[in-house]
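**Student:** Okay, handing you the structure first.
Protein chains: 2
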Amino acid sequence: MPLVTDLDVLRDIATRIRIHSVESTAAANSGHPTTCASIAEIMSVLFFNTMRYATCSPRDPSSDRFVLSKGHAAPALYAAWIENGLIPAPEILKLRQLGCDLEGHPTPRLNFVDVGTGSLGQGLAITAGMAYTVKHYDKIDARIYCLIGDGESAEGSIWESIAFISYYKLDNVVLIIDANRLGQSEPTAVAHNLDLYKQRLDAFGWNAVIVDGHDVGALVKAFDDAESVKGKPTALIAKTYKGRDFPGIEDKENWHGKALGKETERILTHLRGLLKYQGDLKYTIPKPLNVAPQVNIRNITLSSPPSYKLGEAIATRQAYGTALVKIAQTNPRVIALDGDMKNSTFSEQLKKFDPNRYIECFIAEQNLVGAAIGAACRDRVVAFVSTFAAFLTRAFDQIRMGAISQTNVNFVGSHCGVSIGEDGASQMALEDLAMFRAIPGGTVFYPADAVACERAVELAANTPGVCYLRVNRPTTKVVYPNDHHFEIGKATVVFSSPKDQVLVIGGGITLQESITAAAELAQQKIYVRVLDLFTIKPIDQQAIIKNAREVGGRILVVEDHYPEGGIGEAVLSAVSEERDIFVRKIAVPRVPRSGTPAAVLDYYGLTAKHIANYIKDILKK
Amino acid sequence: MPLVTDLDVLRDIATRIRIHSVESTAAANSGHPTTCASIAEIMSVLFFNTMRYATCSPRDPSSDRFVLSKGHAAPALYAAWIENGLIPAPEILKLRQLGCDLEGHPTPRLNFVDVGTGSLGQGLAITAGMAYTVKHYDKIDARIYCLIGDGESAEGSIWESIAFISYYKLDNVVLIIDANRLGQSEPTAVAHNLDLYKQRLDAFGWNAVIVDGHDVGALVKAFDDAESVKGKPTALIAKTYKGRDFPGIEDKENWHGKALGKETERILTHLRGLLKYQGDLKYTIPKPLNVAPQVNIRNITLSSPPSYKLGEAIATRQAYGTALVKIAQTNPRVIALDGDMKNSTFSEQLKKFDPNRYIECFIAEQNLVGAAIGAACRDRVVAFVSTFAAFLTRAFDQIRMGAISQTNVNFVGSHCGVSIGEDGASQMALEDLAMFRAIPGGTVFYPADAVACERAVELAANTPGVCYLRVNRPTTKVVYPNDHHFEIGKATVVFSSPKDQVLVIGGGITLQESITAAAELAQQKIYVRVLDLFTIKPIDQQAIIKNAREVGGRILVVEDHYPEGGIGEAVLSAVSEERDIFVRKIAVPRVPRSGTPAAVLDYYGLTAKHIANYIKDILKK
């Protein structure tokens, strides 16, 4: 977009952004005014000249989008939306107060924020996912602008996204590096050696341009030029100063993350003196170029019901691939992303069905997760992310921020537990349930068989919040009929008799071993009940308590996971206020070893033989 | 090192490495022989010409070191240590069998392995920490060689380490990229465009050289040349072929991660035909250049006992900084690493005391953690890593692998929980206890006050395995006398009477609020006991059960954490087999908001007023 707003107006808006930032952080007595000051001109030019968007409809999918990756500059973002009229100005004086959505860092509680930011280095992956969706699924000309700090450019996640965006030639991305030289506790590693950034970005295939980040005219031109660069993304390396236009504070250390305190009035007086205009300003916000297509991602269903035989041996990871294709057949907005594990996780099934709906993210799990969250923003796609469950730990911070971002991305972790066998501990997820259970508002599925897995995929596609499916590498036997009805938070008794004395709870492999143990014990006239939780979170508290009481208050939980945070503790939480319930937890107690799946499961006591012994031991008490 | 072993011998060793890799993976019927084949010459030249090391003493701190970041090529590493005589050859035919330490991916169960690898992208951070220690603490000329895969170079963590190693001019590092073109499920993003790697590494300040990875003479020369490059690290971009010398398989897709099956004999026959020599080979392994200094990192103590007044308000994060300096005063090998948060975590106290023992890692938490693990290898330093606890989630995979690596690194997470207030959810660690509890063999400290915190630091410095200290941003009152004796796994009753009816358990802020609640309730003749766990893992099961029984089996747990995996579930696990114990868990139930610490703690029900009400409610039951 060429110049459409007067440069003096853009300068005044930048100053007003600084004033809002200083006033609001002073009122809150905390925050990052110097960080806001370095980006004031960038924000002014983007929001009042360059970006095409609808002020009245901040989540309009047709609009250009802006991601403030350096979330601690939140007041500058809020100020822009004050100046364009969305937020009443006095609101910002409630910054950081309980109950005010203008929080310390931006979250989607605000309708003009797509994702929560504040843990650095994540915004560019979000941008990558948005840009991919806009270009390849919505097929419109909207552009995505991402502002990162220079300190934050040290995050490896940024470089994963830089590689991804360039590999996919996402020329609708503009990255702005706010190179204000100063980190929190000392100058950044690169400081103002801006050529270094340029060399690195050039080498990663970007159109990298150094620009004076406080010169509104130069910024207008740089953004306009970026639009004409095709086939590669553009990065503006903006030379800025922290605390710009705060005399005595500008470019000085020890001013990170604090309100200006006794300097506040002096700085405000200075800033007000810089204003050319009083009252309303005349500016132009360009309209979006195209209209994004209508999209419906509700009520997604499998194209056909599960079709297995009872007792058939099939891995739940394979059922995931089958179900993914089935929901993709009924909804054109189902997509999958993977980190070069697609032939192990079976996400390649979707690639085979429709290559356009599979995004290869290579071995870069942080960008993988962030790109999925970005892609799913504004309800444009239903995204499934898969890789080995152990490697999802690589993106714990992104998943955590995903919950803050109110994302609906679905995660599928394969190769969980010691049951993978020979590859050994580095590839065995034994803490994934602990991780995903701790995601607020999340749903954790642990399908027992292929039938349950297909339905879990279908339910996840329709369930808000972070969903996680834990799937197995080895085969398990089909235990459910194809027409079984599954619900989130609803457990099923899969083995029982009227004389049961112990309630056994397992998941995946250990559920199957528990059924085997129960059947064997029944031959010995020892009767136990086996419960399949289906979802570990939410957990079917009612079924657990009812069945536990019916068997005399004895529960045995056996899980292919470390003892902390998994099924055992989920069950304990469910019965915590019940007296008279005894729970014995069996889990993997230490870093496991390599071996065949059968040998390793036996060694760590997770097979039917051991389960039978645990049960006998409990009955002795 | 110039050529010291005959080139034909080096070629034969490379072939022998291939033969071992094929035979062992065939015996295991799993593994990655084609991945081993691409690095055979690199391994041969490193282990039989270039590296200076003592075969008989694989963890000799004076030796050059090798980190196999692409851990799935483990058989090639094992083969090298067979050929140099450390391991008997037949041992490798037990590859991946339960009980054999030659596991699917390398772990330090083997004395020639420093760290577990297999989750990709982590070895270069390990290398960075080793190289920093060797250069700045041991002050010897040992060199560190790190071999990564080309697929793995997509991991952002690699680029964090590339930036770190160049920033600190660690010219004792040689990175080798095994550019074999093929990932697991398709070609890598860069494939054989090796100039791209060179441009990127050049831009990051490395001496980057493209070399034929199958030409032993070229490799000898490249490694030798690297040694003469001062002030910058060297990267060799080795052009290789996956499945090299496996006719019909070399450079073909769909051969990742599988034994050669029915092709095995054909390939072995071909490989044996390439051998020039039979029987013992003549080679030279150069000796280390210097002798590393003797180091003692046992029995570390505070230079002076804690010195606080009861009731004094001081943040545990500040006590961490004080204690860090105190142990640094008594042991010259105590170091600290931080990610540009040192003025918030108080790790800057160590920098002020001795700048040489503080390593600034900037905003790159994965390299921060990996570098600490690398630094601590071979017992050279006692490393403390600090940042906001929320940001340690960024390195969950590194910490998880740290446990597999048997690391002794200590982690300090500040700014935990909603009690940080205004900054909001992105900065609040509410899942850190879940994360660290799930680390096998780990210890989780949650010091209640400054006295406890100083002793926790001292204990952590001496405790094997991953230690985690959760510290608070706000001040808390000193509740312990300076001479209180703390032990891991030993709880202390901090408030009690003979008539107690409820056992209240909190941590940090909530412990303090619980004490206040207990004191207020005592005025109303309602008596409760307050227990400080000190360590959440291991947990003082005996004290919990004993005290719970004494108060009628009623436990209230109040924690500034999400409900899953924290103190509440740790307590539940401790009492799981006890009937007649009721546990009520109070935690932060959803993504929290910004606000003042007091307002937010009140809003989420974590203050004394609320705790008093929970207690009254429990007593009604």
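Residue numbers (numbering that gives the first Met the number 0), protein chains in the order written: chain A, 0 to 620; chain B, 0 to 620.
Here a beta-carbon is modelled for each residue, glycine too, at the ideal position from N, C-alpha and C.
All of these numbers come straight from a predicted model, not from anything done at the bench.
#1: Cβ atoms of Leu301(B) and Glu457(B): under 8 Å apart, would you say?
#2: Tell me, which residues are paired with Ala433(A) by DSSP?
#3: Anything in chain B within Cβ reach of Ser29(A), meaning under 7 Å, just list it in chain order.
#4: By the DSSP assignment, the beta strand (DSSP E) with Val493(A) in it spans what residues?
#5: Which same chain residues, not among the five before or five after Ser43(A), have their C-beta less than 6 Å away from its C-beta?
#6: Report the partner residues of Pro186(B) according to the DSSP bridge assignment.
#7: Where does the unbroken beta strand (DSSP E) through Gly412(A) begin, and where does it stop?
#8: Is any beta-carbon of chain B found at less than 8 Å from that of Pro439(A)?
#9: Quick one: list the residues of chain B neighbouring Ala365(A), beta-carbon separation under 7 Å, in chain order.
#10: Determine which residues share a DSSP beta bridge with Leu670(A) and list them.
#11: With 16 other CB atoms within 10 Å as the buried threshold, where does Asn407(B) fall?
#12: Given this structure, state the Cα-to-Cα distance separating Val492(A) from Arg528(A), to the nearest angstrom.
#13: If you draw a straight line from the C-alpha of Ala607(B) to the C-alpha of Ile514(B), how long is it?
#14: Between Arg592(A) and Leu97(B), how many whole angstroms is the CB-CB distance? I'm expecting something under 8 Å.
#15: Given a threshold of 16 other Cβ atoms within 10 Å of its Cβ, counted over all protein chains shown, does Thr268(B) qualify as buried or as exposed?
#16: Determine contact between the region 226–240 of chain B and the region 236–252 of chain A, defined as no fewer than three beta-carbon pairs at a distance below 8 Å.
#17: Kindly list, in the order they appear in chain B, the residues whose Cβ is closer than 7 Å to that of Leu119(A).
#18: Are the C-beta atoms of Asp339(A) and some chain B residue less than 8 Å apart?
#19: What is the DSSP secondary structure of Gly505(B), counted as helix, strand or coil?
#20: When you compare the region 187–201 of chain A with the region 194–214 of chain B, are there three or more beta-carbon pairs, one atom per stretch, that lie closer than 8 Å?
#21: Given a threshold of 16 other Cβ atoms within 10 Å of its Cβ, counted over all protein chains shown, does Thr283(A) qualify as buried or as exposed?
#22: Closer than 6 Å by C-beta to Ala621(A): which residues in its own chain qualify, once you throw out the five before and the five after it? Chain order, please.
#23: Could you tell me if the beta carbon of Thr268(B) falls within a distance shorter than 7 Å of some heavy atom in the ligand GDP?
#24: Does any C-beta atom of chain B lie closer than 8 Å to the C-beta of Asp579(A)?
#25: Does the CB of Pro537(B) have a neighbour CB from chain A at under 8 Å?
#26: I want to verify the contact list: residues of chain B whose CB lies under 8 Å from the CB of Lys584(A), in sequence order.
#27: Looking at the secondary structure, which residues open and close the alpha helix (DSSP H) in which Asp616(B) lies?
#28: So the beta strand (DSSP E) Leu468(B) belongs to, where does it begin and stop?
#29: So, are the CB atoms of Ala335(A) and Ser346(A) less than 8 Å apart?
#30: Short check: CB of Asp149(B) to CB of Arg108(B), under 8 Å?
#31: Quickly, what does DSSP pair Ser385(B) with across the bridge? List them, please.
#32: With 16 as the cutoff for other CB atoms within 10 Å, does Glu311(A) come out buried or exposed?
#33: Please state whether the Cβ-Cβ distance between Ala437(B) and Glu430(A) is less than 8 Å.
#34: Mind listing the chain A neighbours of Met400(B)? Cutoff is C-beta to C-beta under 8 Å, in chain order.
#35: Residues in the same chain with beta-carbon distance under 6 Å from Ile313(A), minus the five sequence neighbours each way, listed in chain order, please.
#36: Closest by CA to Leu274(B), which one among Ala573(B), Thr4(B), Ile18(B) and Glu576(B)?
**Tutor:** In this structure, then:
#1: Here residue 457(B) is taken as the residue at index 458 of the second sequence, counted from 1. Here residue 301(B) is taken as the residue at index 302 of the second sequence, counted from 1. It is a contact, given that the beta carbons lie within the stated cut-off.
#2: For the purposes of this step, residue 433(A) is taken as residue 434 along the first sequence, with counting starting at 1. Beta-bridge pairing links Ala433(A) to no other residue.
#3: Counted from its first residue, the first sequence places residue 29(A) at position 30. For Ser29(A), the chain B residues whose C-beta falls within less than 7 Å of its own C-beta are Glu421, listed in chain order.
#4: Within the first sequence, the letter at position 494 stands for residue 493(A). Start and end: Thr491 to Phe494.
#5: Your numbering for residue 43(A) matches position 44 in the first sequence. Excluding residues within five positions, the ones whose Cβ falls inside 6 Å are Leu9, Ile12 and Ala13.
#6: Residue mapping note: residue 186(B) aligns to position 187 of the second sequence, counting from 1. BP columns for Pro186(B) point to Leu181(B).
#7: For this step, residue 412(A) is matched to residue 413 along the first sequence. Note, Gly412(A): beta strand (DSSP E), Asn409 to Ser413.
#8: The residue given as residue 439(A) occupies position 440 in the first sequence. Yes, Pro439(A) counts as interfacial toward chain B.
#9: Translated into the one-based positions of the first sequence, residue 365(A) becomes position 366. One detail in the question is off: residue 365(A) reads as Gln in this sequence, not Ala. Ordered by position in chain B, the residues that pass the 7 Å Cβ test against Gln365(A) are Gly155.
#10: Limits of chain A in this structure are 0 at one end and 620 at the other, which puts residue 670(A) out of reach.
#11: Along the second sequence, read from residue 1 onward, the residue named residue 407(B) stands at position 408. When all chains shown are included, Asn407(B) counts as buried.
#12: Here the question's residue 492(A) lines up with position 493 in the first sequence. Here the question's residue 528(A) lines up with position 529 in the first sequence. If you take the alpha carbons of Val492(A) and Arg528(A), they lie about 7 Å apart.
#13: Your numbering for residue 607(B) matches position 608 in the second sequence. Your numbering for residue 514(B) matches position 515 in the second sequence. Whole-angstrom Cα-Cα distance: 8 Å.
#14: Here residue 592(A) corresponds to residue number 593 of the first sequence, with the count starting at 1. Here residue 97(B) corresponds to residue number 98 of the second sequence, with the count starting at 1. That belief holds up - the Cβ atoms of Arg592(A) and Leu97(B) are roughly 6 Å apart, short of 8 Å.
#15: In the second sequence, the residue the question calls residue 268(B) occupies position 269. Exposed, since its Cβ has fewer than 16 Cβ neighbours within 10 Å.
#16: no
#17: Numbered from 1 along the first sequence, position 120 holds the residue referred to as residue 119(A). Near Leu119(A) (Cβ distances below 7 Å), the residues of chain B are Ile362.
#18: As a position in the first sequence, residue 339(A) is number 340, starting the count at 1. At least one chain B Cβ lies under 8 Å of Asp339(A).
#19: On the second sequence, position 506 is the one that residue 505(B) refers to. Residue state, collapsed to three classes: strand.
#20: yes
#21: Counted from its first residue, the first sequence places residue 283(A) at position 284. Burial call: exposed.
#22: No statement about residue 621(A) is possible, as the shown extent of chain A runs from 0 to 620 and does not include it.
#23: You won't find the ligand GDP in this model; it holds no ligand whatsoever.
#24: By one-based count along the first sequence, residue 579(A) stands at place 580. It does; some Cβ of chain B falls within 8 Å.
#25: In the second sequence, residue 537(B) corresponds to position 538, counting from 1. No, Pro537(B) lies away from the interface with chain A (no Cβ there is under 8 Å from its Cβ).
#26: To locate residue 584(A), count along the first sequence from 1; it is residue 585. The contacting residues are Ser572 and Ser575.
#27: Within the second sequence, numbered from 1, the residue matching residue 616(B) stands at position 617. Where Asp616(B) is concerned, the enclosing alpha helix (DSSP H) stretches over Ala607 to Lys619.
#28: Counting from one through the second sequence, the residue named residue 468(B) turns up at place 469. Leu468(B) -> beta strand (DSSP E) spans Cys466 to Arg469.
#29: Looking up residue 335(A) in the first sequence gives position 336. Looking up residue 346(A) in the first sequence gives position 347. Against a cut-off of 8 Å, the Cβ pair of Ser346(A) and Ala335(A) comes out as a contact.
#30: Taking the second sequence and counting its residues from 1, the one referred to as residue 149(B) is at position 150. Taking the second sequence and counting its residues from 1, the one referred to as residue 108(B) is at position 109. For Asp149(B) and Arg108(B), no; Cβs fall outside 8 Å.
#31: Working through the second sequence from its first residue, we reach residue 385(B) at position 386. For Ser385(B), which the question treats as bridged, DSSP gives the partners Asp337(B) and Val411(B).
#32: Within the first sequence, residue 311(A) is the residue found at index 312, counting from 1. Answer is exposed; the Cβ neighbour count stays below 16.
#33: Along the second sequence, one-based indexing puts residue 437(B) at 438. Along the first sequence, one-based indexing puts residue 430(A) at 431. Yes, the pair counts as a contact, with Cβ atoms nearer than the cut-off.
#34: Residue 400(B) sits at position 401 when you count from the first residue of the second sequence. Neighbours of Met400(B) on chain A, chain order: Ser425.
#35: Residue mapping note: residue 313(A) aligns to position 314 of the first sequence, counting from 1. If you ignore the 5 residues before and after Ile313(A), its C-beta comes within less than 6 Å of the C-beta of Ala449 and Thr474, all in its own chain and listed in chain order.
#36: Here residue 274(B) refers to the residue found at position 275 when the second sequence is read from its first residue. It is Ile18(B) whose Cα lies nearest to the Cα of Leu274(B).
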